[in-house]
Every structure is written in structure tokens, then in C-alpha cells.
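These notes are about the structure you will find just below.
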Amino acid sequence: MLCDILSGHHEHCCHHFRMRVTTFIAIRDALVERGLISSTRNITADEQLGIFLYGIGHGVANRILAETFQYSEETISRHFNNVLRGIVRLKDDYIMLPSSNAAVHPRIRDNPNFHHFKNAIGAIDGTHIPVAIERSKQAPFRCRKGFTSQNMMAAYFDEHAKQVVSLFPK
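With the sequence shown counted from 1, adding 273 to any position gets you my numbering.
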């Protein structure tokens, strides 16, 4: 199945894993080169990454992943979590936090409405994260671009997320 997706039409990879084949391969190579995942006797590094990306891209349960990829739920869970830990470990290579001497924007620093962000070294506001929502509850989560999303705001202190606010539609 995975070979057909990766070697087939480029849209197949986008539909299944929410990314192009070249991006899939680059992520796999980054994880393997750093020793964060590796092929085993029974499951390749491609399959491990495919399981993870399919799971987060479609918001499906562990048992659905087990059925789709024809592995036990325990195997799916173990490799999903290994890839997740690997992706988290890659963050330092791809995410650059502002320097500790970066000034907080005066509009935020001097505004009493933003007291939650006092001494924050950075913030993300108004970032829409695509989400998988039960069909009957999707209407309030549909963004202006037509997909279901949730507005997220996060504040970082000392390089750790301390405050993450999920803004639910009314």
C-alpha cells in the first residue's frame, strides 16, 4: 500500500499523508539520519512515518490505523509514539525562538489586556490549526477558507510553552 502511494500520482501522497512525496522523504530521512526511527524486521521507517502522518492527518483512532496498515494495535501505538517523539526532537532544527534580549512589542507590553503575556519572549496569535471534527459539529469550526480549524494562541517563557489557549467558536 505505502509503495503504491509514494510511487503513484503525487496527489495520492497529499490525500493520504497531507504532504508531497518529497516532503515525506525529507522528514523520513531527517528522522532516520538522526537515529530517531529505524526500520525493523517487520516495519519499515516509511511505514512508521506513514502510520503517524495518516493518523494525525485524518484524526483516526488507533484501531483504524491497525486495520488500514494491517498491524496490531500495540505495534501501531508503539511506532506512532516513536515517530511522535522523533518529530518533537527535530523541533530545535526547524524552529528558532527569538533571542532572550528581543523586546516585546510595545502594543502588547503596554496593554493591560495582554497581562497574560508579561515577560513572554514570543507569542503566536490568530493561528488557525486544521482540526478533525465530527461532521454534525463542523459548522462553527469552518474557517473563511472553507476547512475546519481552531484558532490557537500560545505564549513561550524560557523556551517552553506555558500558556496555550484554544479559542472555541460560539
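Beta carbons: idealized from backbone N, C-alpha and C, even for Gly. Predicted model, so just to flag it, every value in this text is computed and none were measured.
Comparing C-alpha positions only, which one of the options sits nearest to residue i?
i    : options                   : result
L363 : T295, S280 and R301       : R301
I310 : F290, I360, V294 and H282 : I360
E320 : R382, A334 and V305       : V305
T341 : T317, R358, S422 and G323 : G323
P403 : M425, F297 and T348       : M425
L357 : R291, F325, E407 and E346 : F325
G330 : F414, I298, I406 and T313 : I406
S312 : I368, R408, F387 and N355 : N355
Y367 : A303, I298, S280 and G281 : A303
Where does residue i sit, in a helix, a strand or coil, going by DSSP?
i    : result
H378 : coil
T295 : helix
S372 : coil
H289 : helix
Whose C-beta lies closer than 8 Å to the C-beta of residue i among residues of the same chain, with five residues either side of it excluded?
i    : result
C287 : R293
I316 : Y344, T348 and H352
R307 : G359, R362 and L363
By Cβ distance, which residues of its chain are closer than 7 Å to residue i, with the 5 residues on each side in sequence left out?
i    : result
I278 : H285, C286 and H289
A412 : none
H283 : R293 and V294
For residue i, which residues from the same chain have a beta carbon less than 6 Å from its beta carbon, with the 5 sequence-adjacent residues on both sides left out?
i    : result
T400 : M425
C416 : H401 and S422
R291 : G330
L338 : I324, G328 and I349
Uninterrupted alpha helix (DSSP H) stretches inside the region 324 to 358 (no shorter than 4 residues): 335 to 342
Touch test, the region 377 to 390 against the region 328 to 336, Cβ-Cβ under 8 Å, three pairs minimum: Because the criterion of three Cβ pairs below 8 Å is not met, the region 377 to 390 and the region 328 to 336 do not touch.
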